[in-house]
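**Student:** Dumping the structure here so I can ask a few things about it.
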Amino acid sequence: MNRKRKIAGILIILGIIGLMLNWQKLVFSTICFARELYSKDFYEKNFEIENGKIYRKDPSSDKRYLVKRTFYEDFENATSLGDLIGIERGWTNFTLLSPKAPTIADYNKLRKQILTHNKDFLDNRLEPSSQQSHLGKQSLKAVAVAPNAEMVCTKSSLHTSLMYFVKGDDVWFSAWYYFEKAGKFNTLMDLETTFVHNHPGMRIRLSKGYLDFELAKWFPKSIYRQPKGKKVSFPIGRWVHVKAHLFLSDKKDGVIQLWQDDTLIIYERGQTLPFAKAVYDDLEIGISAHSVGPDSAILYVDDAMISAEQSFESIKKN
């Protein structure tokens, strides 16, 4: 009985400390103590600064690559998914999570087979397509079948892990989206830190027909929705311009702005970075989550841009 009282007393003291201090920091510290969420030397292992330039190091080799603070893709002059992957285009990875490739090992194996042996897709598809295009002749087509009962979601998305955005940065994103078929819940863009367990970060979601923003895979989860009574629904079957602006902060002074076809639909302040030392190094576009509904989601993406600068007109392939 005395032991239970002592434990209860300790918990009460911790609770009081949590209220007196910043409770989010206490939770974060407690979680980090119980489970290493990220390697404390991740920056030194993965980044190198020389002559004012920041390089991403490849852990499997001695190579390093200049990080991208500005990136543009129009999906032209590519005949296959493999044509998009590589340092020249800037895309480094893709994810095809599906009932036929339901585990990390499964979709990693499938990725290798697609890139090295020209293996066809299993169920989900991700490829350059001329079926729909915004300005040029092609776009990126993503098809994600519905998840089965054992799965949280399916994915059909393209990644680049050469991004570099940190606390105090502005991030501007723009892309054109054409949903041929949408689910009740789809994620269109993720900006994540891959050095942390579960890869937390900001993402643009299509939830029950309306766009919103979320700081995902982090506690506390922050969702920034359109104002009640002023919601603008997302149209299906035509091109829609989605533009976003973030000011990155682990505090409540972050900025979240989201436009749909030049209409500002979200303008909030809040947390946009999981913690102060986080580095957003991964951009993911396509269908990064299809989690509700019995049917496949089919999406085209074109003219995708991300930059630390507001002037998109200056963005060029580099």
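In this text, residue positions in the sequence shown follow this note's numbering: the first is 3, and each later residue adds one.
For each residue, glycine too, the CB sits at the ideal point set by N, CA and C.
1) Keeping to the same chain, check which residues put their C-beta closer than 6 Å to that of ALA306; ignore five residues upstream and five downstream.
2) State buried or exposed for PHE77, treating a residue as buried only when at least 16 other CB atoms are found within 10 Å of its CB.
3) Counting C-beta neighbours from all protein chains within 10 Å, is the total for ILE300 16 or more, i.e. buried, or is it exposed?
4) Counting pairs of beta carbons, one from the stretch 221 to 238 and one from the stretch 187 to 198, are three or more of them closer than 8 Å?
5) For SER100, write down the residues that DSSP places opposite it in a beta bridge.
6) Just mark ARG127 as buried or exposed, buried being the case when its beta carbon has 16 or more other beta carbons within 10 Å.
7) Enumerate, from N- to C-terminal direction, the unbroken beta strand (DSSP E) stretches of 3 or more residues contained entirely within the stretch 207 to 285.
8) Decide if the stretch 149 to 169 is in contact with the stretch 97 to 110; the criterion is three or more beta carbon pairs, one per stretch, under 8 Å apart.
9) What are the start and end residues of the beta strand (DSSP E) that includes LYS55?
10) Can you tell which of GLY185, TYR302, LYS254 and LEU260 has its C-alpha closest to the C-alpha of PRO296?
11) Closest to PHE123 by CA distance: which of LEU83, ALA291 and GLY138 is it?
12) Any chance the stretch 266 to 280 sits against the stretch 215 to 224, with 3 or more Cβ pairs inside 8 Å?
13) If you draw a straight line from the C-alpha of ASN150 to the C-alpha of PHE215, how long is it?
14) Take ARG240 and list the residues in its own chain whose beta-carbon comes closer than 8 Å to its own, dropping the five residues that flank it on each side.
15) With a threshold of 6 Å on Cβ separation, who are the neighbours of ARG37 within its own chain once the five nearest residues in sequence on each side are excluded?
16) Going by CA-CA distance only, name the one from ASN120, TYR45, THR97 and SER62 that's closest to THR81.
17) Please tell me whether ARG91 and TYR166 are closer than 9 Å, where the distance is taken between their beta carbons.
18) Can you give me the start and stop residues for the beta strand (DSSP E) that LYS47 sits inside?
19) For the alpha helix (DSSP H) containing ASP85, list its first residue and its last residue.
20) By how many angstroms is the C-alpha of VAL281 removed from the C-alpha of GLU52?
21) Going straight from the alpha carbon of VAL69 to that of GLY170, what length do you get?
22) Please confirm whether ARG58 and LEU160 have their CB atoms less than 9 Å apart.
23) On the DSSP bridge assignment, give the partners of MET165 in chain order.
24) Which residue from ASP255, LEU213, GLY54 and HIS247 puts its Cα closest to that of SER313?
25) What is the residue span of the beta strand (DSSP E) that PHE181 lies within?
26) Taking DSSP as the reference, what is the three-state secondary structure of ARG91?
27) Is it buried or exposed for LEU285, if we count other Cβ within 10 angstroms and need 16 for buried?
28) Could you say which of LYS114, VAL168 and SER209 lies nearest to PHE277 if we only look at CA atoms?
29) Residues in the same chain with beta-carbon distance under 6 Å from THR162, minus the five sequence neighbours each way, listed in chain order, please.
30) Could you tell me how far apart the beta carbons of ILE308 and PHE49 are, in whole angstroms, since I believe they sit closer than 8 Å?
**Tutor:** For this structure:
1) Translated into the one-based positions of the sequence shown, residue 306 becomes position 304. If we look at ALA306 and ignore the five residues flanking it on each side, its Cβ neighbours are GLU75, ALA177 and ILE287.
2) Residue mapping note: residue 77 aligns to position 75 of the sequence shown, counting from 1. By the beta-carbon neighbour count (other beta carbons within 10 angstroms, threshold 16), PHE77 is buried.
3) Translated into positions along the sequence shown, residue 300 becomes position 298. By the neighbour-count rule (16 or more Cβ atoms within 10 Å), ILE300 is buried.
4) Cβ pair count under 8 Å is below three, so no.
5) Your numbering for residue 100 matches position 98 in the sequence shown. Answer by DSSP bridge pairing, in chain order: ALA103.
6) Mapped onto the sequence shown, residue 127 falls at position 125. ARG127 comes out buried.
7) For the stretch 207 to 285, the full-length beta strand (DSSP E) segments reaching 3 residues or more read 212 to 218, 224 to 226, 241 to 249, 256 to 262 and 265 to 272 along the chain.
8) Yes: at least three Cβ pairs fall under 8 Å.
9) Walking along the sequence shown from the start, residue 55 turns up at place 53. Counting along the chain, the beta strand (DSSP E) containing LYS55 begins and ends at 55 to 59.
10) Counting from 1 along the sequence shown, the entry for residue 296 is found at position 294. Per the Cα distances, GLY185.
11) For the purposes of this step, residue 123 is identified with residue 121 of the sequence shown, where counting begins at 1. Closest in alpha carbon position to PHE123, among LEU83, ALA291 and GLY138, is LEU83.
12) Touching, yes, given that three or more Cβ pairs across the two stretches are closer than 8 Å.
13) Taking the first residue of the sequence shown as 1, we reach residue 150 at position 148. Taking the first residue of the sequence shown as 1, we reach residue 215 at position 213. Here the alpha carbon of ASN150 sits roughly 26 Å from the alpha carbon of PHE215.
14) Looking up residue 240 in the sequence shown gives position 238. These residues qualify, in order along the chain: TYR180.
15) The sequence position of residue 37 within the sequence shown is 35, counting from 1. Since pLDDT at ARG37 reaches only 46, below the 50 mark, its modelled position is unreliable, and the value read off the structure follows with that caveat. Scanning its chain for C-beta atoms nearer than 6 Å, with the 5 sequence neighbours on each side dropped, one finds no residue around ARG37.
16) On the sequence shown, residue 81 is found 79 positions in, with the first residue counted as 1. It is ASN120 whose Cα lies nearest to the Cα of THR81.
17) On the sequence shown, residue 91 is found 89 positions in, with the first residue counted as 1. On the sequence shown, residue 166 is found 164 positions in, with the first residue counted as 1. It is not a contact, given that the beta carbons lie outside the stated cut-off.
18) Here residue 47 refers to the residue found at position 45 of the sequence shown. It is not in any beta strand (DSSP E) - LYS47 instead sits in the alpha helix (DSSP H) that spans 44 to 48.
19) Within the sequence shown, numbered from 1, the residue matching residue 85 stands at position 83. Counting along the chain, the alpha helix (DSSP H) containing ASP85 begins and ends at 83 to 86.
20) By 1-based counting over the sequence shown, the position of residue 52 is 50. By 1-based counting over the sequence shown, the position of residue 281 is 279. Straight-line Cα distance between these residues: approximately 18 Å.
21) Translated into the one-based positions of the sequence shown, residue 69 becomes position 67. Translated into the one-based positions of the sequence shown, residue 170 becomes position 168. VAL69 and GLY170 have their alpha carbons spaced roughly 17 Å apart.
22) Within the sequence shown, the letter at position 56 stands for residue 58. Within the sequence shown, the letter at position 158 stands for residue 160. It is not a contact, given that the beta carbons lie outside the stated cut-off.
23) Against the sequence shown, residue 165 aligns to sequence position 163. Beta-bridge pairing links MET165 to LYS70.
24) Numbered from 1 along the sequence shown, position 311 holds the residue referred to as residue 313. For the residues ASP255, LEU213, GLY54 and HIS247, the minimum Cα distance to SER313 belongs to HIS247.
25) Walking along the sequence shown from the start, residue 181 turns up at place 179. Bounds of the beta strand (DSSP E) holding PHE181 are 172 to 183.
26) To locate residue 91, count along the sequence shown from 1; it is residue 89. Coil at ARG91, not helix or strand.
27) Sequence index remark: in the sequence shown, residue 285 carries index 283 (1-based). By the C-beta density criterion, LEU285 is buried, having at least 16 other C-beta atoms within 10 angstroms.
28) Translated into positions along the sequence shown, residue 277 becomes position 275. It is VAL168 whose Cα lies nearest to the Cα of PHE277.
29) Reading the sequence shown from its first residue, position 160 is the one you call residue 162. Answer for THR162: GLY92, TRP93, THR94 and LEU285, listed in chain order.
30) Walking along the sequence shown from the start, residue 308 turns up at place 306. Walking along the sequence shown from the start, residue 49 turns up at place 47. Not confirmed; about 18 Å, so no contact.
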